[in-house]
Amino acid sequence: MAILYALIAALGFGLSAPLAKLLLASASPLLLAGLLYLGAGAFLGLARVGWRRRPAVGRLLTARDRWILAGVVLAGGVLAPPLLLWGLSRSPAASTALLLNLEVVFTALLAGAVFGEHLGARVGGAAVVMALGGVALGWAPGSLTSVAGFVAVALACVLWALDNNLTSLIAEGDPLLIVMVKGLGAGTVNTVLALAAGESLPGPRTIGLGMALGAVSYGTSLALFILAMRDLGAARTGAYFATAPFFGAAGGILLLDEPPTPGLLVAAGLMALATWLLVGERHAHTHRHAAASHAHVHVTDAHHQHEHSGREGAEPHGHTHSTGALEHEHPHTPDIHHDHGHP
């Protein structure tokens, strides 16, 4: 399911590009970004309040988690969008589309070098191939014309990569709460920045459509992205999510009558290859789980053999539980139970 979550998230986010393009005639990029984030935050907030009998989807956030979430909002929601827009104003759109694929590479590099996530040859290769697919999708002769614009977009990608890896640290938390906080925080900051720059609010129709698009393409997609991270980790989820530009380009053809390009066909082939590399990954070895006590959503399996009081509710459910030491061998990914070291 985690792979499906990641691909659906990429589909929703990718299709937001051609749909948002229709709204740019009535709202500036920065103001539209604010509306999209506000729509995401408001929708997930209403879902948390209205869906009282929903099954457990995540544990409560600890004090440490809240600091990490603040970093997520700051890096991915506050600092990265203005850098992207500043870079976009100084480089062609094709160049920006090309450079945005640095995010998947930076996510994998940070995951392996800083956050201790095991990658492996197939995951590293998939990240590179996926980035090359983005290059094929966005390449235009002479597109890399602005060094300043290049640096700004690259820095935005670094910040979003940091956002991805920080989010993976709190992925066991309630995704509705995480997206609500990120959406409302980032949306408020971007909207205030736009208004402070002298931009005026668009009409009610544009505001409503922008927030509705954000609810689906940002809110729902980000929640699914977090659910995928629980089982796949930051690097693998980021690599699957890198198919979003392809979905966006395909949406442009279907929704905006944009002509298909040879680059789109090359990108589709490369992204299919990258997905095959990821799906075909099999990482298995003997490993040991230390005794631990933690809280997250789970079902009864080899890693969750503990007593219940009867008040926990139907599975999947989330509660504080203890696990004993365990040594076994099976295929696994870097989820909450498999963050062990590798030689």
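For the sequence shown, our numbering begins at 10 and goes up steadily by one. Backbone N, C-alpha and C fix where the C-beta goes; we use that ideal spot for every residue, glycine too.
Measuring from the CB of residue i, is there a heavy atom of the ligand MG at a distance below 8 angstroms?
i	result
G257	Ligands are entirely absent from the displayed structure, and the ligand MG is therefore not among its contents.
Among the options, which one has its Cα closest to the Cα of residue i?
i	options	result
L33	D266, M238, L222 and R239	L222
L41	K30, G50 and A51	K30
L185	A224, L45, L282 and V162	A224
S209	R73, S35 and W76	S35
G142	A251, A259, G260 and G21	A251
R214	D74, G96, L44 and L111	L44
L39	V162, L231, G192 and L94	L94
G7	G196, A15, M10 and S37	This structure gives no information on residue 7, because the portion of the chain shown stretches from 10 to 352.
W76	F256, I187 and G242	I187
L274	A283, L263 and A259	A259
I17	L83, K191, G247 and G278	G247
T48	G257, S226 and V82	It is Gly, not Thr, that sits at residue 48 in the sequence shown. Per the Cα distances, S226.
P271	R73, V114 and A145	A145
K191	A79, R73 and A56	A79
Y249	V81, V160, A163 and N173	N173
A19	G278, G257 and T332	G257
L55	T197, A243, A195 and M189	M189
Applying the 10 Å Cβ sphere with the 16-neighbour rule, what's the burial state of residue i?
i	result
L69	exposed
L1	This structure cannot settle anything about residue 1, because the visible part of the chain is limited to 10 through 352.
D183	buried
S25	buried
G23	buried
W285	exposed
V123	exposed
G219	buried
V58	exposed
M280	buried
P9	Given that the chain is displayed from residue 10 to residue 352, the structure contains no residue 9 and the question cannot be resolved.
A15	buried
M139	buried
H294	Confidence in H294 is poor, its pLDDT being 47 and thus under 50, which makes the residue's placement too unreliable to answer from.
G261	buried
T71	exposed
R239	buried
L193	buried
G217	exposed
A432	Given that the chain is displayed from residue 10 to residue 352, the structure contains no residue 432 and the question cannot be resolved.
A206	exposed
R73	exposed
Quick one: grab the DSSP three-state call for residue i.
i	result
G182	strand
A71	The residue asked about is misnamed: residue 71 is Thr in this sequence, not Ala. Three-state result, T71: coil.
P27	helix
G21	helix
T332	strand
P271	helix
N174	helix
L53	helix
V208	What sits at residue 208 in the sequence shown is Glu, not Val. Coil.
F115	helix
F159	helix
L44	helix
F256	helix
A34	coil
N199	helix
G125	coil
M189	helix
M10	coil
Please confirm whether residue i has its beta-carbon closer than 9 angstroms to some beta-carbon of chain D.
i	result
G261	No chain D appears in this structure, which consists of one protein chain only.
Quick one: any contact between the region 77-88 and the region 266-285, if contact means 3 or more CB pairs under 8 angstroms? no
Give, in chain order, every unbroken run of the alpha helix (DSSP H) that is at least 4 residues long and sits entirely within the region 229-254. 230-250
Tell me, please, whether the region 116-125 touches the region 190-205 by the rule of three or more beta-carbon pairs shorter than 8 angstroms. no
The region 163-181 in contact with the region 228-247 per 3-pair CB rule at 8 angstroms: yes
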